[in-house]
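Below is one structure, written out as structure tokens, with a few remarks after it.
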Amino acid sequence: MTTATIERPAVHSSPAPVAGAATVRHIQRFDRPTRVLHVVIMVTFLLLAATGMPILFSDAAWGRALALLFGGFTGAGLVHRAAGAVLLGAVAWHVGNLGWRAFVRGERGLFWGPTSMTPQWRDVVQFGQQLKWFFNRGPYPKYEHFTYWEKFDYWAVLWGTAIMGAAGLILWFPELAAAFLPGWMFNVALFVHGAEATLAIGFIFVVHFFNGHLRPNKFPMDLVIFTGSVTEDELRHERAGQYERLLRTGGLTPLIVPAPGAADRRRGHVIGTIGLTLGLLLFVLILQAVL
Amino acid sequence: MAIRFAVPLAAFILTLSGAVVVNAEPAAAAVKPPANEDCLACHDDVGKPFASSIHEAASCVDCHADLSTVQEFPHSEKVAKVSCAACHDEIASQYRDGIHAWAKEKAGLKMAPSCADCHGRHDISPKTSATSRTHKNNVPATCGSCHEGLAEHYNQSIHAAVLKAGNAAAPTCADCHAVHATQRADVPSWRLGVAAECGSCHADVVDSFRRTFHGKVTELGFTRVAACADCHGAHEILPASNPASMIAKDRLVETCGSCHKGANEKFVQYDPHPNPRSHARSPLLWWINQFYTVLIAGCFGAFGLHSLLWFRRERQEKRRS
């Protein structure tokens, strides 16, 4: 989900299985900070949606009840602001971390290259190949570290957080904002906050849930964002471009990690199930209000 | 044989019905209650107002029920209180829910009004009659006989001016304050209902209010934020063009500042009644609305189709394997 996930040797490298052994090899995909970042975004996003939806759908039958679940107007407002602050902080940390890695540590390939989140011509080509594959007119594209839909998700979160955060802060501190902004910006901020929320909620609870978890090959969920690794087989099938590059450059061996433990997998299942269930539940409420 | 039984039976039924109607003792059925002329023989001052009242067809003892059995005149100085509830029970029950009944009966405020204070006594006339105390034009004066200061405010308001100009739709006291079950204006149920009340005339304005943060929070049933009267005033409501209005240009900082401490000239450029669907009212919001409509429809349309195709393809794959 983030650029912090580019291939770096696992910190806790344990003796890797000998090449050619019969055991299933696991390849690191998301490092720990990235996994934590995803959980933070997940929790704050759900809280923001649940406490913001009563306002967005104030005429829905469930509006007041949902707000009362968080202690009414005051309680829901507090939770909403706190979750918003944490989410803004998390995204700011991510951007700051990227800057530090790129400009202080001089890490290469963050903003361009095969493991970058930056949209590239390759993504356009692969989108076309994916469409052909949908209609059995071609093979599955040889994806690199990030696919085009993953990049879309990533930039949607980054862009969305920036817009939602800016609008949210104006609405949070209107008297302060009026020191340098005209009052009609409150109108703009409220409208944009609601419209962007509709977009984000719909996108995450439907498109991201489907792409990442609910489609037949992943159903009911993809644990990689919680455990951090995929099997070699999975990598070869789903990201042939990345797999072949790693074999070619000898980058695969340093990424080999021990198989995720049963406890890690269970924790991933629990967190994932709660997140998916709550998200779909909120989406059903929206459908009830809209239809 | 039949007649022999019929007479006592009729007497019995009469007795019963008499008991029901005037709640008198069974024996009273035999007693003829005083006629209106009997009463007016002494109470000649009541005759004229009563003759022109809505109750003119009723007899005195319908209301003064305790006097229906009186045989000797003059009757005792002590007469029972008239109970309007005996006929108007629904309205009486509304009244008992209201602040006036509470003040009179529970809080001991003896001057708080009951029926006669607003409707009059022998001269009660319907609110459709121009001279009635409860006729729309006279309601402010009727309420103002106690709420003198508020009536003064009201009489300077745009609503009073419109009413005087002959627009019967203009609200007076009773239109906003439920007339019999009058509530305090600071209880949540009243604050939450007032937008709907204003909306019964100002539909567009309330519609746009409902789209704002103030309106949405109010609609959810929480009273922390501004509703109509907080910005426009209640009794003294005036159009923005009047410099005395709470929403006059020069008073906005003060009005918004009553909740938003530190509000300044820039702050009050906020539009509390925007309409993103109207280019004339909110051109900028209209454009933003267009942008997001296209963006949201495009995003969900494209990715919806993408997901459907993907689902179909992966299902095929799973079936084959």
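Protein sequences, first through last, are from chains H and P.
Position 286 (the first sequence) corresponds to 286 in our numbering; numbering is contiguous.
Position 199 (the second sequence) corresponds to 199 in our numbering; numbering is contiguous.
Yeah, the Cβ is synthetic: ideal placement off N, Cα and C, and Gly gets one too.
Fair warning: this is a prediction, and the values are worked out from it, not measured in the lab.
Limits of the unbroken alpha helix (DSSP H) element including residue i
| i | result |
| --- | --- |
| isoleucine 247 of chain P | Run containing isoleucine 247 of chain P: none; DSSP gives neither H nor E here. |
| isoleucine 91 of chain P | 89-97 |
| threonine 305 of chain H | Absent from the structure is residue 305 of chain H, since the part of chain H shown begins at 1 and ends at 291. |
| valine 205 of chain P | 203-210 |
| isoleucine 288 of chain P | 283-320 |
| isoleucine 237 of chain P | Segment: none, isoleucine 237 of chain P is in no alpha helix (DSSP H) and carries neither H nor E. |
| serine 189 of chain P | 188-199 |
| phenylalanine 45 of chain H | 32-56 |
| phenylalanine 297 of chain H | Nothing about residue 297 of chain H can be read from this structure; chain H reaches only from 1 to 291. |
| aspartate 59 of chain H | Per DSSP, aspartate 59 of chain H belongs to no alpha helix (DSSP H) and is neither H nor E. |
| glutamine 242 of chain H | 240-249 |
| tyrosine 154 of chain P | 148-155 |
| glycine 215 of chain P | 213-219 |
| lysine 164 of chain P | 158-164 |
| phenylalanine 50 of chain P | 44-51 |
| cysteine 259 of chain P | Segment: none, cysteine 259 of chain P is in no alpha helix (DSSP H) and carries neither H nor E. |
| alanine 229 of chain P | 228-232 |
Alpha carbon of residue i to alpha carbon of residue j, nearest angstrom
| i | j | result |
| --- | --- | --- |
| glycine 71 of chain H | phenylalanine 213 of chain P | 18 Å |
| proline 119 of chain H | tyrosine 154 of chain H | 11 Å |
| valine 207 of chain H | glycine 304 of chain P | 7 Å |
| alanine 28 of chain P | threonine 69 of chain P | Residue placement at alanine 28 of chain P is flagged as unreliable, the pLDDT there being 48, under the threshold of 50; the coordinate-derived value follows with that caveat. So the alpha carbons of these two residues sit roughly 7 Å apart. |
| alanine 195 of chain H | asparagine 242 of chain P | 36 Å |
| alanine 162 of chain H | glutamate 175 of chain H | 21 Å |
| alanine 229 of chain P | glycine 193 of chain P | 11 Å |
| leucine 87 of chain H | alanine 160 of chain P | 52 Å |
| histidine 55 of chain P | threonine 223 of chain P | 44 Å |
| isoleucine 99 of chain P | lysine 106 of chain P | 10 Å |
| alanine 234 of chain P | aspartate 186 of chain P | 12 Å |
| leucine 169 of chain H | histidine 306 of chain P | 34 Å |
| tryptophan 295 of chain H | asparagine 187 of chain H | With chain H running from 1 to 291 in the structure shown, residue 295 of chain H is simply not present. |
| proline 220 of chain H | glycine 261 of chain H | 19 Å |
| lysine 249 of chain P | leucine 214 of chain H | 56 Å |
| valine 11 of chain H | arginine 245 of chain H | With a pLDDT of only 49 at valine 11 of chain H, under the threshold of 50, the placement of this residue in the model should not be trusted; the figure read from the coordinates follows. If I take the Cα positions, the gap works out to 22 Å. |
| arginine 122 of chain H | methionine 185 of chain H | 39 Å |
| glycine 257 of chain P | glycine 109 of chain H | 52 Å |
| histidine 180 of chain P | arginine 251 of chain P | 35 Å |
| leucine 284 of chain P | alanine 240 of chain H | 48 Å |
| threonine 65 of chain H | arginine 191 of chain P | What sits at residue 65 of chain H in the sequence shown is alanine, not threonine. Rounded to whole angstroms, alanine 65 of chain H to arginine 191 of chain P spans 19 Å at the Cα level. |
| valine 224 of chain H | leucine 281 of chain H | 23 Å |
| leucine 78 of chain H | arginine 312 of chain P | 43 Å |
| alanine 196 of chain P | threonine 172 of chain P | 16 Å |
| isoleucine 237 of chain P | isoleucine 288 of chain P | 33 Å |
| phenylalanine 73 of chain H | glycine 301 of chain P | 34 Å |
| alanine 21 of chain H | tyrosine 292 of chain P | For alanine 21 of chain H, the predicted structure reports a pLDDT of 48, less than 50, and the residue's modelled location is therefore unreliable. The matter cannot be settled from this model. |
| glycine 262 of chain P | valine 225 of chain P | 17 Å |
| alanine 65 of chain P | tyrosine 154 of chain P | 40 Å |
| alanine 289 of chain H | aspartate 207 of chain P | 18 Å |
| phenylalanine 210 of chain H | serine 189 of chain P | 44 Å |
| serine 200 of chain P | glycine 149 of chain P | 26 Å |
| arginine 267 of chain H | phenylalanine 226 of chain H | 8 Å |
| leucine 131 of chain H | alanine 297 of chain P | 20 Å |
| glutamine 316 of chain P | leucine 48 of chain H | 38 Å |
| isoleucine 91 of chain P | leucine 291 of chain H | 40 Å |
Segment limits, beta strand (DSSP E) that includes residue i
| i | result |
| --- | --- |
| histidine 180 of chain P | First-last for histidine 180 of chain P: undefined, no H or E at that position. |
| histidine 26 of chain H | 26-28 |
| valine 230 of chain H | 229-231 |
Short CB-CB distance (under 8 Å) between residue i and chain C
| i | result |
| --- | --- |
| isoleucine 170 of chain H | The displayed structure is made up of protein chains H and P, and chain C is not among them. |
Integer-rounded CB distance, given that residue j should sit under 8 Å from residue i
| i | j | result |
| --- | --- | --- |
| leucine 295 of chain P | leucine 199 of chain H | 7 Å |
| alanine 141 of chain P | alanine 151 of chain P | 7 Å |
| leucine 276 of chain H | tryptophan 62 of chain H | Their Cβ separation, rounded to whole angstroms, is 20 Å, which puts leucine 276 of chain H and tryptophan 62 of chain H out of contact at 8 Å. |
| histidine 26 of chain H | isoleucine 256 of chain H | 7 Å |
| proline 114 of chain H | histidine 145 of chain H | 6 Å |
| proline 74 of chain P | cysteine 42 of chain P | 7 Å |
| proline 54 of chain H | alanine 76 of chain H | 6 Å |
request  = Mind checking the region 186-206 of chain H against chain P and listing, in chain order, the residues whose C-beta falls within less than 7 Å of any C-beta there?
outcome  = Taking 7 Å as the Cβ-Cβ cut-off against chain P, the residues of the region 186-206 of chain H that qualify are Phe186, Asn187, Val188, Leu190, Phe191, Val192, Ala195, Thr198, Leu199, Gly202 and Phe203.
task = Output the residue ranges of the alpha helix (DSSP H) runs that lie fully inside the region 105-186 of chain H and measure 4 residues or longer, sorted by chain position.
result = Counting only runs of 4 or more residues that sit fully inside the region 105-186 of chain H, the alpha helix (DSSP H) segments are 121-134, 148-172 and 174-177, in chain order.
inquiry  = What ranges does the alpha helix (DSSP H) occupy inside the region 60-141 of chain P, keeping only unbroken runs of at least 4 residues that lie completely in it?
reply    = Segments of the alpha helix (DSSP H) lying fully in the region 60-141 of chain P: 60-63, 89-97 and 115-119.
ask   = At a Cβ cut of 7 Å, what residues of the region 219-232 of chain P count as close to chain H, listed as they run along the chain?
value = Residues passing the 7 Å Cβ filter: Glu219, Leu220, Gly221, Phe222 and Arg224.
query = Can you list, in chain order, the residues of the region 256-279 of chain P whose Cβ is nearer than 8 Å to any Cβ on chain H?
reply = Those residues of the region 256-279 of chain P placed with their C-beta closer than 8 Å to a C-beta in chain H are His260, Lys261, Gly262, Ala263, Asn264, Lys266, Phe267, Val268, Gln269, Tyr270, Asp271, Pro274 and Pro276, ordered along the chain.
request  = Scan the region 65-92 of chain H for residues whose Cβ lies nearer than 8 Å to a Cβ of chain P and list them as they occur along the chain.
outcome  = Cβ contacts with chain P: Ala67, Gly72, Phe73 and Thr74.
ask   = Of the residues that make up the region 241-255 of chain P, which ones have a beta carbon closer than 7 Å to any beta carbon in chain H?
value = Cβ contacts with chain H: none found.
Contact residues within the region 53-64 of chain H, judged by C-beta distance below 7 Å to chain P = Per Cβ criterion, the list reads Pro54, Ile55, Ser58, Asp59, Gly63 and Arg64.
key: Proximal residues, the region 294-316 of chain P versus chain H, C-beta separation under 9 Å   = Listed in sequence order: Leu295, Ile296, Cys299, Phe300, Phe303, Gly304, His306, Ser307, Leu309, Trp310, Phe311, Arg312, Arg313, Glu314, Arg315 and Gln316.
query = Listed from N- to C-terminal order along the chain, which residues in the region 215-226 of chain H have their beta-carbon within a distance smaller than 7 Å of any beta-carbon of chain P?
reply = Cβ contacts with chain P: Arg215, Pro216 and Asn217.
task = Please list the residues of the region 94-121 of chain H that have a C-beta atom closer than 8 Å to any C-beta atom in chain P, keeping them in chain order.
result = Residues of the region 94-121 of chain H with a C-beta atom less than 8 Å from some C-beta of chain P do not occur.
inquiry  = Closer than 9 Å between beta carbons: that is the criterion. Which residues of the region 148-181 of chain H meet it against chain P?
reply    = Along the region 148-181 of chain H, going in chain order, the ones with a CB nearer than 9 Å to a CB of chain P are Trp149, Phe152, Ala156, Leu171, Pro174, Glu175, Leu176, Ala177, Ala178, Ala179, Phe180 and Leu181.
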